[in-house]
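Participant: In mature numbering (1 follows the signal peptide of the UniProt record, and there is no 0), the protein residues as written are -22 to -1, 1 to 220.
The C-beta atom is built at its ideal place from N, Cα and C for all residues, glycine as well.
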Amino acid sequence: MKTKAIFLSLLFTTIIFTNVFSQEMKDDTSEQARAIISKYLNAIGGADAIKNIQDKTTIMRGTAMDQTVTIIIKQKLPNKLRQDIKAGGMDQTLIFDGEKAVMKVAGQTIKVEGKQLEQLKLESTMEMMLNPESLGIKLAYDGTEKSGENLLHKVKFVLPSGLNWVAYFDDNTGYKVKESKEIESQMGLINQVLEYSNYQDVDGIKIPFTLKQSFGPQTIELTVSSIKINKGITDDTFVITE
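(1) Measure the alpha-carbon distance for A11 versus L172 and round it to whole angstroms.
(2) Go ahead and pull the three-state DSSP assignment for K99.
(3) Return helix, strand or coil for I14, following the three-state DSSP convention.
(4) Roughly how many whole angstroms lie between the Cα atoms of S204 and N57?
(5) How is the alpha helix (DSSP H) around D29 delimited, first residue to last?
(6) So, with DSSP's three-state summary, where would you put N20?
(7) Does the separation of the CB atoms of L55 and A79 fall below 8 Å?
(8) With a threshold of 8 Å, are at least 3 pairs of Cβ atoms found where one atom belongs to the stretch 177 to 191 and the other to the stretch 16 to 26?
(9) Output needed for G76: all residues of its chain with C-beta closer than 6 Å, excluding positions within five of it in sequence on either side, in chain order.
(10) Can you check DSSP and say which residues form a bridge with A65?
(11) Is DSSP giving S112 helix, strand or coil here?
(12) Between K124 and L130, what straight-line distance do the alpha-carbon atoms span, to the nearest angstrom?
(13) Bridge partners for F187 per DSSP, in chain order?
(14) Around the Cβ of D148, are there at least 16 other Cβ atoms within 10 angstroms (buried) or fewer (exposed)?
(15) Do M104 and K34 have their CB atoms nearer than 8 Å?
(16) DSSP state of D6, grouped into three classes?
(17) DSSP three-state label for N208, please.
(18) What does DSSP give as the partner residues of A145 in its beta bridges?
(19) Which residue from K116, R39, M81 puts its Cα closest to that of G66?
(20) Here's the rule I'm using: 16 or more other beta-carbon atoms within 10 Å means buried, otherwise exposed. How should K29 be labelled?
(21) Within the same chain, show all residues whose beta-carbon is closer than 6 Å to that of A42, passing over the 5 residues directly before and after it, in chain order.
(22) Consider the Cβ of H131: report whether some Cβ of chain D lies at a distance smaller than 8 Å.
(23) Can you give me the Cβ contacts of A27 inside the same chain, cut-off strictly under 6 Å, excluding the 5 residues immediately before and after it?
(24) Can you tell me which of the three DSSP states Q32 falls into?
(25) Please report the residue range of the beta strand (DSSP E) in which S175 lies.
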């Protein structure tokens, strides 16, 4: 069950605005945030290229707690998702049909509800970064910080539930290189850090092929071995059976 809590967080993706900020300052920072996101979208191939993605299958592999991990993620517009994880002889499946979600592990079927379900609804859409505010997400630019020789721009996101996360974008490349997220898990509220690197071109879209996830003392590094876009994933893939 510990593995379940760890890997479910892979899909679940900022500080709440305080009253001391004026509405004008909020508007100014949200405009800056949108500009950073726009630069990111252009860097990875452009908004039109992202809009053309109808479905995507990603296969990743790595090692966690001395166990080999394989993760297969299938996504389809508008917001359907299936994630299959194989780790140490234990299989876990997460299915989101666009409205409801379940996780199947160790012969049990567990409903995903509350804030976990809300986060999953947001993370499952492949077009979330095109217009986060249309999904009820609040944006704010939060300045810069250094990472080695690189300058990173920070954009804060506040989910409708009040959960917060921060995305870090490289000033030079425009790529998103890190995220820090508040995650509502079965262990309570935890903080998750995701690092992205090794961007490669897949059908005209730049996608990170190396992902490093940290949560508490645990860290897992995943390498993308395959990404397939618009190969015609059927709706049967996302059917939830009782």
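Facilitator: This is what the structure gives:
(1) The count along the sequence shown starts at 1 and reaches residue 11 at position 33. The count along the sequence shown starts at 1 and reaches residue 172 at position 194. C-alpha separation (whole angstroms): 19 Å.
(2) Counting from one through the sequence shown, the residue named residue 99 turns up at place 121. The three-state secondary structure of K99, taken from DSSP, is helix.
(3) By one-based count along the sequence shown, residue 14 stands at place 36. If DSSP states are grouped into helix, strand and coil, I14 belongs with the helices.
(4) For the purposes of this step, residue 204 is taken as the residue at position 226 of the sequence shown. For the purposes of this step, residue 57 is taken as the residue at position 79 of the sequence shown. Straight across, the Cα-Cα distance linking S204 with N57 is about 21 Å.
(5) Along the sequence shown, read from residue 1 onward, the residue named residue 29 stands at position 51. In the sequence as presented, Asp is not what sits at residue 29; that position holds Lys. From DSSP, the alpha helix (DSSP H) with K29 extends over 25 to 29.
(6) Along the sequence shown, one-based indexing puts residue 20 at 42. Helix.
(7) Taking the first residue of the sequence shown as 1, we reach residue 55 at position 77. Taking the first residue of the sequence shown as 1, we reach residue 79 at position 101. No, the Cβ-Cβ distance between L55 and A79 is not below 8 Å.
(8) Touching, yes, given that three or more Cβ pairs across the two stretches are closer than 8 Å.
(9) Within the sequence shown, numbered from 1, the residue matching residue 76 stands at position 98. Cβ neighbours of G76 beyond the five flanking positions: N57, K58.
(10) Indexing the sequence shown from 1 puts residue 65 at position 87. Looking at the DSSP assignment, A65 forms a beta bridge with V47, M68.
(11) To locate residue 112, count along the sequence shown from 1; it is residue 134. Three-state result, S112: helix.
(12) For the purposes of this step, residue 124 is taken as residue 146 along the sequence shown, with counting starting at 1. For the purposes of this step, residue 130 is taken as residue 152 along the sequence shown, with counting starting at 1. K124 and L130 have their C-alpha atoms spaced approximately 6 Å apart.
(13) For the purposes of this step, residue 187 is taken as the residue at position 209 of the sequence shown. F187 pairs with nothing; no bridge assigned.
(14) Locating residue 148 in the sequence shown gives position 170, counting from the first residue. In the assembly as shown, D148 is a buried residue. Its beta-carbon has 16 or more other beta-carbons within 10 Å.
(15) In the sequence shown, the residue the question calls residue 104 occupies position 126. In the sequence shown, the residue the question calls residue 34 occupies position 56. Going by C-beta atoms, M104 is nearer than 8 Å to K34.
(16) Against the sequence shown, residue 6 aligns to sequence position 28. If DSSP states are grouped into helix, strand and coil, D6 belongs with the helices.
(17) Within the sequence shown, the letter at position 230 stands for residue 208. In the displayed model, N208 falls within coil according to three-state DSSP, outside both helix and strand.
(18) In the sequence shown, counting from the first residue as 1, residue 145 sits at position 167. Note: A145 sits in a beta bridge opposite V133, E157.
(19) In the sequence shown, counting from the first residue as 1, residue 66 sits at position 88. Selected option, being the one with the closest Cα: R39.
(20) Reading the sequence shown from its first residue, position 51 is the one you call residue 29. Classification of K29: exposed, given that the 10 Å Cβ count is below 16.
(21) Taking the first residue of the sequence shown as 1, we reach residue 42 at position 64. When the five nearest sequence neighbours on each side are left out, the beta carbons in the same chain lying within less than 6 Å of the beta carbon of A42 are those of I198, in order along the chain.
(22) In the structure shown, chain D cannot be found, because there is only a single protein chain.
(23) Within the sequence shown, residue 27 is the residue found at index 49, counting from 1. The answer, listed in chain order, is G182, I183.
(24) Stepping through the sequence shown from its first residue, residue 32 is reached at position 54. In the structure shown, the three-state DSSP call for Q32 is coil.
(25) If you number the sequence shown from 1, residue 175 lands on position 197. Here the beta strand (DSSP E) through S175 covers 166 to 180.
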